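Here's the structure we're looking at; comments come further down.
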Amino acid sequence: MRIVTKTIPDCYAALGVVHDLWKPMPHRFKDYISVPKANGYQSLHTTLLSNYGKIIEVQIRTEQMHNEAEEGIAAHWRYTGNERDKIFDKRISWLKQILEWKMQSEDAKDFVETLKVDLFQDEIVVFTPKGDPISLPIKATPVDFAYMVHSTIGDHCIQAKVNGKVAPLSSLLKSGDIIEIITRKNAIPSREWLKFVATQKAKSKIRACLNIFSKDDPKKGMKEEVISESALAKFIRIDGKTAPVKISKCCSPKQNDPIRGFFTKEKKITIHRKDCSNIHSLDMTKEVPISWTKQETTLYATIMIMVTDRVGVLADIMNLIAAQKINIISIHTKNKKENVLIKVKVSVTDDPEFRWLREDMKKIKGVLDIKLN
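Below, the structure written as structure tokens:
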């Protein structure tokens, strides 16, 4: 059943009438007038149980809302002056958001999945501490909320409070939650956030901040080498103490990352990245001086070399690396249309040595591009 009224107060009056006639079903009422959907859709939705045991779904909206729902952006021409301009600006803003998603999506499938998540799934409505409503998809997290409020807040987010209590950044929000985001000026997003954020806006902003390349970059699609926790722990030196070492999964520190260590209740030492957003919740009196061992000063670099497919180009590259007395760990090649991508993992003792290697490699005939991973 659809009820179309003249004014917004009439919508709520009509809602009172239908709720008086029939019993509303719990948790089946949606107020999209006070909190419109992302695409600007407005209406009251309620589900009722009739006297005969049948379920009745009711939509209540004004004529303006009805025209917009039926005709979309074209409906704004029905109105004049400032009101028309506001409707038009709102529609254009939403269309700009869709175009932004399209440009940030890596292919058509990714774009369709974005629309399904951000537009067509059921929404929840959460609130800022000032009471401003924010619409998010189901399974959204405080990080999604932070980026929806403002990109800067998302980039510098370190902690979230849900209904006044500290909550993990990966926790799932529900309608009615009041979210407060704590930021720090020099904080940056964590790569781990990409595993749990639900909105495309959050994903794209995190990738942009961390310089995570799209599929056009040769680094994407190649399996990243992962060093086991036990192997990584061997490279960590604990000053003045001995205890089992545990690599924290919340920030997954890699070799040579700035790190900090803290004693746990289990008498272990957890290793966090220095910029980990969870450090603020740890007991600072339990911090232990730690550092990477001297052996870890050897730098393992993966050189991505794009070359034209000519006889002898691989041999020239290998001879140059050998002449520099640099140890080659592994070599992989992959065809990229008319060119070839050569992936060479090497160990170098310092950055200047690698810079010289890269400069000399550019002089080899057929070398098109060199990147360090």
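Under numbering that gives the first Met the number 0, the first residue of the sequence shown is numbered 0, with each subsequent residue one higher.
For glycine and all other residues, C-beta sits at the position ideal for the given N, C-alpha and C.
It should be emphasised that the depicted structure is a prediction, and the values quoted were computed from it without experimental measurement.
* Around the C-beta of Ser213, are 16 or more other C-beta atoms found within 10 angstroms, so that it is buried, or is it exposed? -> The sequence position of residue 213 within the sequence shown is 214, counting from 1. Its pLDDT being 45, under 50, Ser213 is placed unreliably by the model, and the measurement read from it follows with that caveat. A residue is called buried when at least 16 other Cβ atoms come within 10 angstroms of its Cβ; Ser213 does not meet this threshold and is exposed.
* Whose C-alpha, out of Gly39, Ile180, Lys5 and Ile123, is nearest the C-alpha of His149? -> Within the sequence shown, numbered from 1, the residue matching residue 149 stands at position 150. His149 has its Cα closest to that of Ile180, out of Gly39, Ile180, Lys5 and Ile123.
* **Outcome for Asp143 when other beta-carbon atoms lying within 10 angstroms are tallied against a minimum of 16** => Locating residue 143 in the sequence shown gives position 144, counting from the first residue. Buried is the call here.
* To do: Specify, as a first and last residue, the run of the beta strand (DSSP E) that Gly260 falls within.
  => As a first step, residue 260 must be located in the sequence shown, where it is residue number 261. Secondary structure note for Gly260: its beta strand (DSSP E) is the uninterrupted segment Ile258 to Phe262.
* Given 8 Å, three or more beta-carbon pairs between the stretch 254 to 264 and the stretch 126 to 146 -> Segments in contact, no.
* Asked: Taking the alpha-carbon positions, what's the Ile235 to Ile327 distance?
  -> In the sequence shown, residue 235 corresponds to position 236, counting from 1. In the sequence shown, residue 327 corresponds to position 328, counting from 1. Cα-Cα distance, rounded: 25 Å.
* **Alpha-carbon spacing of Lys233 relative to Lys266, whole angstroms** => Taking the sequence shown and counting its residues from 1, the one referred to as residue 233 is at position 234. Taking the sequence shown and counting its residues from 1, the one referred to as residue 266 is at position 267. Cα to Cα, the separation comes out at about 18 Å.
* Taking Cβ to Cβ, would you say Ile363 is nearer than 9 Å to Met305? -> Your numbering for residue 363 matches position 364 in the sequence shown. Your numbering for residue 305 matches position 306 in the sequence shown. When the beta-carbon positions are compared, Ile363 and Met305 stay at least 9 Å from each other.
* **Environment of Leu371 [buried if 16+ CB atoms lie within 10 Å]** => Locating residue 371 in the sequence shown gives position 372, counting from the first residue. Leu371 is exposed by the Cβ-count criterion.
* Asked: In terms of alpha-carbon separation, which member of Glu337, Asn185 and Ile325 lies closest to Val343?
  -> Counting from 1 along the sequence shown, the entry for residue 343 is found at position 344. Restricting attention to Glu337, Asn185 and Ile325, the CA atom closest to the CA of Val343 is found in Ile325.
* Can Gln58 and Ile2 be called in contact, C-beta distance under 9 Å? -> To locate residue 58, count along the sequence shown from 1; it is residue 59. To locate residue 2, count along the sequence shown from 1; it is residue 3. Against a cut-off of 9 Å, the Cβ pair of Ile2 and Gln58 comes out as a contact.
* Determine, using beta carbons only, whether Leu356 and Leu313 come nearer to each other than 9 Å. => Taking the sequence shown and counting its residues from 1, the one referred to as residue 356 is at position 357. Taking the sequence shown and counting its residues from 1, the one referred to as residue 313 is at position 314. No, they are not a contact pair.
* Mind checking Tyr51: buried by the 16 CB within 10 Å criterion, or exposed? -> Stepping through the sequence shown from its first residue, residue 51 is reached at position 52. With fewer than 16 Cβ atoms within 10 Å of its Cβ, Tyr51 is classed as exposed.
* Sheet register partners of Pro136 (DSSP bridge) -> The residue you call residue 136 lines up with position 137 of the sequence shown. Per DSSP, the beta bridge partners of Pro136 are Glu122.
* Among Phe262, Ser251 and Gln63, the one whose alpha carbon lies nearest that of Ala242 -> The residue you call residue 242 lines up with position 243 of the sequence shown. Residue Phe262 is the option with its Cα nearest to Ala242.
* To do: Please name the residue, chosen from Ile157, Leu43, Leu48 and Glu62, that lies closest to Cys275 on a Cα-to-Cα basis.
  => Here the question's residue 275 lines up with position 276 in the sequence shown. Of the candidates Ile157, Leu43, Leu48 and Glu62, the one whose C-alpha sits nearest the C-alpha of Cys275 is Ile157.
* Cross-strand partners of Ala166 (DSSP beta bridge) -> As a position in the sequence shown, residue 166 is number 167, starting the count at 1. DSSP lists Ala159 as partners of Ala166.
* Same chain, Cβ closer than 6 Å to His65, neighbours up to 5 away in sequence not counted -> Translated into positions along the sequence shown, residue 65 becomes position 66. Contacts found: Val3.
* Asked: By how many angstroms is the C-alpha of Arg60 removed from the C-alpha of Asp9?
  -> Within the sequence shown, residue 9 is the residue found at index 10, counting from 1. Within the sequence shown, residue 60 is the residue found at index 61, counting from 1. Taking the straight line from one Cα to the other gives about 9 Å.
* Asked: Shortest alpha-carbon distance to His271 belongs to which of Cys250, Ile330, Ala300 and Arg206?
  -> Counted from its first residue, the sequence shown places residue 271 at position 272. With respect to the C-alpha of His271, the residue from Cys250, Ile330, Ala300 and Arg206 having the closest C-alpha is Cys250.
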